[in-house]
Amino acid sequence: MKTPLPPQPSPELPDCSYTAPSSLIRPSSPTPTGTLYLSNLDDQHFLRFSIKYLYLFETSVPSDTLKRSLSRVLIDYYPLAGRLRTSCPGDDRKLEVDCNGEGALFAEASMDLTAEEVLGLARRPNRSWRKLLYRVEGQSFLNVPPLVVQFDEVYMLRTAGSSEGWALKGRQLNLGPLLVLVSRILAPVARNSRAHELNRSRISPNRLIRVELII
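Heads up, the sequence shown is in UniProt numbering, so the first residue is 1 and it goes up one at a time.
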């Protein structure tokens, strides 16, 4: 009887190279202020974790275009531009969202990796996926903005064009609103395709490749 081969270690991803300091993207116009309580379901301690997804699309898009689009989308999704806090000082059992318009965190990076290689590595769990996520310096869960967007450029050496991957980290978000948010961020890019020499069909959210990061 043959001895089973030991499992092969997952390939290690290269490190991200950050081209500029991270920035806060605020809503492009004034938004409602005040506080929003989390529901009792969303407020449970075991649900206090981040949702990590990577989105790849075929056409290279200027990061400034995505920043402007995100800024406009945050007008409607203004709680994501706020900050989580405890409803009572010193007691973290009940959280609320302070809708203060501070903004979502946006980080820009590049990685010496092709999109094909990214998809190949996504077939099995790989802890080095963490390298695709911007590390927010914070002492606790509450110090991290509700929405963190990382814009990664990877090189399409064997296909035309280039691709950017999005890693979105959402706190207390259902998947449905998260996907709507991504679609709306990309919609202005599609509408302005002629100005940016983009193809509407190639930038359509329906053509996005979503990879769930298992880390």
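Backbone N, C-alpha and C fix where the C-beta goes; we use that ideal spot for every residue, glycine too. In this text, all values refer to a predicted model and were calculated from it rather than measured experimentally.
query: Following the continuous alpha helix (DSSP H) through residue 13, name the residue where it begins and the one where it ends.; result: Element bounds for residue 13: n/a, residue is neither H nor E.
query: Does DSSP classify residue 63 as helix, strand or coil?; result: helix
query: Apart from the five residues on each side of it in sequence, which residues of its chain come closer than 7 Å, Cβ to Cβ, to residue 80?; result: 74, 104, 146 and 147
query: Quick test of your reading: residue 38 and residue 96, contact by CB under 8 Å. State the CB separation rounded to the nearest angstrom.; result: 6 Å
query: Count the other CB atoms, across all protein chains shown, that sit within 10 Å of the CB of residue 152; report buried if there are 16 or more and exposed otherwise.; result: buried
query: Mind reading off the beta-carbon distance from residue 120 to residue 101? Whole number of angstroms is fine, and I expect it under 8 Å.; result: The Cβ separation is near 41 Å, so there is no contact.
query: Please say whether residue 78 and residue 31 have beta carbons closer to each other than 7 Å?; result: yes
query: Could you tell me the alpha carbon to alpha carbon distance between residue 126 and residue 22, rounded to whole angstroms?; result: 25 Å
query: In chain order, what are the residue ranges of uninterrupted alpha helix (DSSP H) at least 4 long that sit wholly in the stretch 75-146?; result: 115-121
query: So who's on the other strand from residue 24, going by DSSP bridges?; result: 105
query: Thinking just about the alpha-carbon of each residue, which of 48, 28, 47 and 42 is nearest to the one in residue 76?; result: 28
query: Between 136, 140 and 85, which has its C-alpha nearest residue 99's C-alpha?; result: 85
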